[in-house]
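K.L.:
The structure's right below; bear with me while I get my questions together.
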Amino acid sequence: MTNMIQPQIPRLTKTNYGNWSIQMKALLGSQDCWDIIEDGYTEPENAAAEAVLANEEKKVLKESRRKDKRALFFIFQGVDESTFEKISDAKTAKQAWEILQKSLQGAEKAKKVRLQTLRAEFEMLKMKNTENIDDYISRVKTVVNEMKRNGESLDDVRVMEKILRLLTRKFDYVVVAIEESKDLSQISIDELVGSLQAHEQKIKQNEDSENLEQALQSKMNVNEGEASSSYTQGRGNRGGYRGRYRGGRGTRGRGDVYYVPALKSNIISLGQLLEKGYEVQMKNRSLAIKNKEGELIAQADMTRNRLFTIDIESGKVKCMKTAIKDDSWLWHLRYGHLGFSGLKLLSKTSMVKGLPEINPPNQLCEACIKGKQHRQSFKVGRSGRAQRLLEIVHTDIAGPFDIPSLGGNRYYLTFIDDFSRKCWIYILKEKSEALEKLKEFKAMAEKQSGQYLKILRSDRGGEYTSKLFEEFCKEHGIIHQLTARYTPQQNGVAERKNRTILDMARSMIKGKQLPRNFWAEAVRCAVYLLNRCPTKSVKYMTPNEAWSGQKPGVGHFKIFGCIAYAHVPEHTRKKLDDRGEKCIFIGYDERSKAYRLYNPLTKKIIISRDVEFDEADYWRWSEEEKKVEGLFFEDKDGDLINQDEQADDQDPRQNLPSSSSSSSDASNIIEDPEAPPTELQRSTRERRMPERYNDYELNNVSLFCLLVNSDPITYEEAVEDDKWRNAMDEEIASIERNDTWELTRQPEGHNPIGVKWVYKTKINKEGNVEKYKARLVVKGYKQRQGIDYDEVFAPVARIETIRLLTAVATQKGWKIYQMDVKSAFLNGYLEEEVYIEQPPGYIRKGHEDKVYRLKKALYGLKQAPRAWNTRIDEYFQRNGFMKSPYEHALYTKKNEDGDIMIVCLYVDDMIFTGNNPGMFNDFKKAMTKEFEMTDIGEMSYFLGVEVKQMQEGIFITKKYAEEILRKFRMEDCKPVATPAEPGVKLSVNSTREQVNPTLFKSIVGSLRYLTITRPDITYAVGLVSRFMEHPKQDHWSAAKRILRYVKGTTGHGLFYMHSENSKLVGYSDSDYGGDLDDQKSTTGYLFHIGSAVFSWSSKKQQTVALSTCEAEYIAAAACTCQAMWLRNILNELNLAQEEPTTIYVDNKSTISLAKNPVSHSRSNHIDTKYHFIREQVKNKNVELIYCRTEDQLADIFTKPLRAYIFNRLKEKLGMESRV
């Protein structure tokens, strides 16, 4: 009777096996059936064996059978039809359970792969702004439980730390409170969740009350000529709003009315206006509202829909909307948002002149909160203070700023006198200018104070530790004190001053909604103000007074960023021109008693003393200017320095500092180092660049210059340096030792070809100079085909062959060695008669009229590569090597014992490997006897690829990635997780603006070179390669995203490990109609032999596929062609593939089409060449096997993928970082 009620059985799906197995264990345990699944039971072999059992044993067997059938019944009831097919043949419940476990949970390797994905998902967990605590905790627990089921050991403390670390910002104070008051190791996750839920409910109640207050009431102060809201900004988003009547002399407001700012249209209650004492008049289709004093505060005409529309403007900038007649708030703004306590101290102690009495208000300043909020300070020790001026000076550099200033600068340098705490600031374009500014500061400060600079404190930045900087300090007797490594706290005065400057600058910029490229003017103004502010380090006087002994005046202070009207001098205007121009106030000029103003229309900085200020107003920037990405602060922006990386749409060369100049069209517009570039009005004739420079960006630079450390161009330059003279002597000696030429008279009918010297400093992989190389090169461009040369083609090894050789060597446990032929082209015999001039600097005395007839090739000759290849090919075949018919630069040699030696040739570089070291030694001796050779030893750097041969395998990578980032000014960019953004489609017909095609081609070409060891970027690079003719901004964004991905993966490469399985395996895939322009699909395939991939491709198909089956079939045909070539190569390397090569395809129709020779209506249009795959399947050279899409490794070569899928496939390709 106890089991009469049928329990509810959980339903198994493809994704809930973990939870389902837990529920089923509980269910089967309640039915006393779990032990039969866990332990199983022994079934007698036959009836005779069962008959001999004892009665007690028969009862146990019967009970076990009953439990097993009941457990099997529950399992069958808990699965759907498709899953039931998998376990329908199971005889026992234990068998059915194990089948489900293996198919849905996987084996140990599958668990490890799934665990990697779960770990990545766990690391990326983050609470969303729209999410509550319950939903967030539920997501975290789901991932944690799944990780634990797959074997991960996660303690509760780590989970709780993860939960607290990734809460939204509104929980910051809650997190701090929990971390300080509770020990996470002593509480449970449920207790933590309960505490967070309580805080969340309290936060929600506060927000509801604030939103209600904001929606229902906004009180206004009404003043003649100007109006403002009483400032009630709190910790939420509370603020005042005002309606404005734009007429007469001023702005009048109304208050105590209902107003909901979030609504698109609001209705004002006339009844409430009447109750409050306002007068409402409607006459002649017009509405007028007057206040209690009879003053008109609003007027509106009736619209077509019989409504009266009044312009209402909300107070987004709270400080600007504050009552200007309140002296405390006014001077708070004028003083660059200086704290009220500091203002009160200035006023109370009379440190400055012209400051009225300050009464700190109870409200908060939103611009200060956004611009200055920081973590609580840590207690630090105190060092000794200076006793006189310039005894100790602190210095630091801030930057780089992500947005260049108006003058194209990105850094600023500060000097702080320890005794007076006065600060000096210098705006820089590059850090390297620090030494020049130190010299300038030293001369000025010592002259003004009469003291000498004794001690300079700084961090260990390269600009401070350079040899020139140290020599300057020693020369002038300055003690240069440096911080300890990674200890900026020891330079606390300068670091704190930088933070104070940036806090003030950020608040001033936000307070008047200025663009971020005003940062240089803001920090300069902030330093000017801070020198007139109180400081705890100097009692009862400002830094300016402590330095100069004079009390500063502040009566001229104005609010930074406010509107200013500058007087236009008479001699710069005509009779009816405006006598004033509207500008933005950006600071004070210390070289003259005048203000610094900026005109956004003319983009000029003006220095003027005749200025009228409207401190309550600010400049209204156009919508087009506000759309410029990164130019204006957003609510999420927190800093000026490195806040956001370069916008993807932005050409990095647009961020290069440009030279600044000044206009001379007005006497009050003077030259300023921070002024933006302006043009001199010398001529109206348009000057155009020569057409030959159309493909180059010169960035306002009119001259090409040579770097000091660059290689010489001409013989005259090189001969003055001994190292280049020695290099030329060595080259001539090598040519003569090789019997390359003979001196003879010039025959009639033959014109000698000129020669020149080419100089190159060779650098090793560590970046050090390896040697100075001088090469004598023939001016081959003067040769004529058919007269001076015929054939020029010379084969070189494919990069795939080199990777294949690396993979084979790893499988066999062989080492790879490298040799280099010195002056390889000089060894090739010429079939034609070629005469050259005598080289500069080496003309035989007494034989100046003679020429050289070449016996062997020289560099620069058209036929030189072919001559060298013919010579080395003859040598190899003469010495028992067999040339591969499938790879003409691959040679093999086998001895009687079956030992093999493999040589791969790339022009004059060769690598070789094999299983007999004795063959290596014989080969080296023979090569050295025939040619001048350099034995490099184990291969470590070949064709720009860095090779690390280790006990466990071979790792290959390219350090060229860092060079690419430096080349395109992307070394400080923000990394991204994938090289191509999922879901983004690119088209040739993009409507975005065009970018420089030469620069775009340079980026694509550099990235192409990087794909030699980076299959992960192959698809993304191939995609942007389609748009090199006419690149647009969205194509530029895609290319920059690849660079940002490379920034985060500079050390990645391929790691080939030894594996017992040496079978060649391939993967083939395609997208369908992925190209928006011609609807063609993309083919992707790869091959490996047990470890990392060595051959891959991502290429757009040549024809338009009519179905996914056809697209996959074309891709499989291309993959089969590559497989046949690889099988032939492997056969010559003693790694013959006896079995068919497996190619995994995720389309069953494609497999059927390849195996079925019958042509039908849906396939008879496919080009015959693609049916090559059928013949290879029939001959059992290849075998197409179906795989699931999630197991298709070639998917990474056909489309952009999401980060977790991309990382999973990249790992399976054998990519990792070992730098």
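Going letter by letter, the sequence shown gives residues 1 to 1219 in full-length UniProt numbering.
We put the beta carbon where it would ideally sit given N, CA and C, even for glycine.
Would the region 883-898 count as touching the region 1111-1118 if we require 3 or more Cβ pairs under 8 angstroms?
P.N.:
Not touching, per the Cβ criterion.
K.L.:
With residue 1277 and V976 assumed to form a contact (beta carbons below 8 angstroms), what rounded beta-carbon distance in angstroms separates them?
P.N.:
Here the chain has residues from 1 to 1219 only, and residue 1277 is not among them.
K.L.:
Going straight from the alpha carbon of V945 to that of R1014, what length do you get?
P.N.:
Spanning the two alpha carbons is a distance of roughly 11 angstroms.
K.L.:
Can you say whether H476 is buried or exposed, counting buried as having 16 or more other CB atoms within 10 angstroms of its CB?
P.N.:
Its Cβ having fewer than 16 others within 10 Å, H476 is exposed.
K.L.:
Taking D396 and S458 to be in contact with their CB atoms under 8 angstroms, please state how far apart those CB atoms are, rounded to whole angstroms.
P.N.:
Going by Cβ atoms, the distance from D396 to S458 rounds to 7 angstroms, so yes, they are a contact pair.
K.L.:
From the DSSP output, in three-state form, read off Q8 for me.
P.N.:
The answer is coil: DSSP assigns Q8 none of H, G, I, E or B.
K.L.:
Classify Q281 as helix, strand or coil using the three-state DSSP reduction.
P.N.:
The answer is strand: DSSP assigns Q281 an E or B state.
K.L.:
Within 10 angstroms of its Cβ, does T83 collect 16 or more other Cβ (buried), or is it exposed?
P.N.:
Buried.
K.L.:
Between the alpha carbons of R596 and A443, how many angstroms are there, rounded?
P.N.:
In a straight line, the C-alpha of R596 is about 26 angstroms away from that of A443.
K.L.:
Please determine, among K967, M819 and D172, the residue with the shortest C-alpha to C-alpha distance to N921.
P.N.:
Closest by alpha carbon: M819.
K.L.:
Determine the extent of the beta strand (DSSP E) in which L1184 is found, giving its start and end residues.
P.N.:
Start and end: V1182 to Y1186.
K.L.:
Considering only C-alpha positions, which residue in the set Q863, D503, T483 and A807 is nearest to V834?
P.N.:
Of Q863, D503, T483 and A807, the residue nearest in Cα terms is Q863.
K.L.:
By DSSP, does I87 sit in helix, in strand, or in coil?
P.N.:
Correct three-state label for I87: helix.
K.L.:
Across which residues does DSSP place C931 in a beta bridge pair?
P.N.:
Rather than Cys, the amino acid found at residue 931 in this sequence is Phe. According to DSSP, which records beta bridges pairwise, F931 is partnered with nothing at all.
K.L.:
Alpha carbon to alpha carbon, how far is Q101 from L1193?
P.N.:
Roughly 24 angstroms separates the two Cα atoms.
K.L.:
Do you know offhand how far residue 1296's Cα is from T744's?
P.N.:
Residue 1296 lies beyond the range of the chain shown here (1 to 1219); nothing can be said about it.
K.L.:
With DSSP run on the structure shown, which of helix, strand or coil describes Q951?
P.N.:
Coil, per DSSP.
K.L.:
Looking at the structure shown, is Q1102 part of a helix, part of a strand, or coil, going by DSSP?
P.N.:
Three-state result, Q1102: coil.
K.L.:
Please work out which residues of its chain come closer than 7 angstroms, Cβ to Cβ, to K582, disregarding the five sequence neighbours upstream and downstream, and give them in chain order.
P.N.:
Once the five neighbours on either side are set aside, the close Cβ partners of K582 are I563 and Y565.
K.L.:
Would you kindly work out how many angstroms separate the C-alpha atoms of I559 and R969, rounded to a whole number?
P.N.:
Approximately 37 angstroms between the Cα atoms of the pair.
K.L.:
DSSP on F912, reduced to helix/strand/coil?
P.N.:
Strand at F912.
K.L.:
What three-state label does DSSP hand residue 1220 in the structure shown?
P.N.:
Past the boundaries of the shown model lies residue 1220; the chain is included only from 1 to 1219, so the question cannot be answered.
K.L.:
In the DSSP output, which residue or residues are listed as bridge partners for R596?
P.N.:
G587 and I607, per the DSSP bridge assignment.
K.L.:
Taking Cβ to Cβ, would you say L268 is nearer than 8 angstroms to I310?
P.N.:
In the sequence as presented, Leu is not what sits at residue 268; that position holds Ile. Yes, the Cβ-Cβ distance between I268 and I310 is below 8 angstroms.
K.L.:
What are the boundary residues of the alpha helix (DSSP H) that Q818 is part of?
P.N.:
From DSSP, Q818 is part of no alpha helix (DSSP H) but of the beta strand (DSSP E) over Y817 to V821.
K.L.:
On the DSSP bridge list, what partners appear for W329?
P.N.:
Paired residue(s): none; W329 is not in a bridge.
K.L.:
Identify whether E313 lies in helix, strand or coil by the three-state DSSP scheme.
P.N.:
Low confidence applies here, because E313 scores a pLDDT of 47, under 50, leaving its location unreliable; read the following figure in that light. Residue state, collapsed to three classes: strand.
K.L.:
Which value, in whole angstroms, describes the spacing of the CA atoms of S661 and T602?
P.N.:
Low confidence applies to S661: its pLDDT is 32, below 50, so where it sits in the model is not reliable, and the reading given next is rough at best. Distance between the alpha carbons of S661 and T602: 13 angstroms.
K.L.:
Starting from L338, follow the beta strand (DSSP E) in both directions and report where the run begins and ends.
P.N.:
Run containing L338: none; DSSP gives neither H nor E here.
K.L.:
Determine, for F825, whether the minimum Cβ-Cβ distance to residues of chain D falls below 8 angstroms.
P.N.:
The chain inventory of the structure shown lacks chain D, comprising one protein chain alone.
K.L.:
What is the DSSP secondary structure of C904, counted as helix, strand or coil?
P.N.:
Here C904 sits in strand by DSSP.
K.L.:
So for residue 1222, helix, strand or coil by DSSP?
P.N.:
Outside the shown range of the chain (1 to 1219) lies residue 1222, about which nothing can therefore be said.
K.L.:
In the DSSP assignment, find the unbroken beta strand (DSSP E) run with residue 1257 in it and report its ends.
P.N.:
Look at the range of the chain in this structure, 1 to 1219, and you will see that residue 1257 is not part of it.
K.L.:
Would you call K264 buried or exposed, if buried means 16 or more other Cβ atoms sit within 10 Å of its Cβ?
P.N.:
Because the pLDDT of K264 is 48, which lies under 50, any placement of that residue in the model is unreliable, and the number read from its coordinates should be weighed accordingly. K264 is exposed by the Cβ-count criterion.
K.L.:
Note down the Cα distance separating P515 from I509, rounded to an integer number of angstroms.
P.N.:
Their Cα atoms are separated by approximately 7 angstroms.
K.L.:
Give me the residue from R992, V1004, P534 and D1191 with the minimum Cα distance to L345.
P.N.:
Of R992, V1004, P534 and D1191, the residue nearest in Cα terms is P534.
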